[in-house]
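A quick write-up on the structure given underneath.
In the working numbering, the protein residues as written are 55 to 188.
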C-alpha cells in the first residue's frame, strides 16, 4: 500500500540558485512518513504519551537523480517494506509530474522516550503495521 503526500517547494527549501538543497529531501520524506503514520491512526503524540515510545530514524539511503526547483509541486510516496519487532523500513520516492527526482530507504527504530533504548513496537501497533506489509 503506497501513500502519497504532496507539497510545494518554497524559497526556504532552496539554495541561492532556486534549487532544492539536498538535505531538504530528508525533511520532505520525514513529513510524508509522519502523515503516513497519522493516516494509519498512529500519532506520535499518542505513542509518546501512552507508551513512552517514539520512532527515530536510524538509517537512510538516498539517490539523487534530478533537481527540484522553487515552486515545483512534489509528490512523496511512502511504502512500508520491512517490519521487525523494534524497527521498520520505508521505501520513499520524490517525484515531480511523474519524474523521479530522489528515491531511497529509511529505517526507523522504536525507542523508549525515557531511556532512549530500543523497545518493542506495542503489539496492537505492530499488528496494524504488519497488515500493511506487501
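Even glycine gets a Cβ: it sits at the ideal position worked out from N, Cα and C.
Beta-carbon separation (whole angstroms), residue 112 vs residue 88, contact threshold 8 Å: At roughly 16 Å, the Cβ-Cβ gap does not stay under 8 Å, so residue 112 and residue 88 are not in contact.
Looking only at its chain, what residues have a beta carbon closer than 8 Å to the beta carbon of residue 173, apart from the 5 residues adjacent to it on each side? Taken in chain order, the residues that qualify are 107, 140, 164, 165, 166.
According to DSSP, simplified to helix, strand and coil, what is residue 272? No information on residue 272 is available, as it lies outside the stretch 55 to 188 that the chain covers here.
Assuming residue 138 is part of the beta strand (DSSP E), what are its boundary residues? For residue 138, there is no enclosing beta strand (DSSP E), as DSSP gives it neither H nor E.
Select from 59, 103, 136, 119 the residue whose C-alpha is nearest the C-alpha of residue 184. Shortest Cα-Cα distance from residue 184 to any of 59, 103, 136, 119 involves 136.
Pairs of beta-carbons, one from the region 145 to 162 and one from the region 77 to 94, closer than 8 Å: are there three or more? Flag = yes, the region 145 to 162 and the region 77 to 94 touch.
Does DSSP put residue 146 in a helix, a strand or coil? Annotated three-state conformation of residue 146 is strand, per DSSP.
Quick one: Cα of residue 169 to Cα of residue 175, how far? Computed Cα separation, rounded: 15 Å.
Around the C-beta of residue 131, are 16 or more other C-beta atoms found within 10 angstroms, so that it is buried, or is it exposed? Counting the other CB atoms within 10 Å of its CB gives residue 131 a total of 16 or more, which places it among the buried residues.
Using DSSP's beta-bridge definition, name the partner residues of residue 161. Beta-bridge partners of residue 161 (DSSP): 113, 143.
Out of 68, 188, 55, 81, state which residue places its alpha-carbon closest to the alpha-carbon of residue 125. Checking every option, the nearest Cα to that of residue 125 belongs to 68.
Which of the three DSSP states, helix, strand or coil, is assigned to residue 76? DSSP places residue 76 outside both helix and strand once states are collapsed to three, so it counts as coil.
Report all residues from its chain with a CB closer than 7 Å to the CB of residue 73; omit the five preceding and five following residues, and keep chain order. Listed in chain order, the non-local C-beta contacts of residue 73 below 7 Å within the same chain comprise 121, 123, local neighbours out to five positions each way being set aside.
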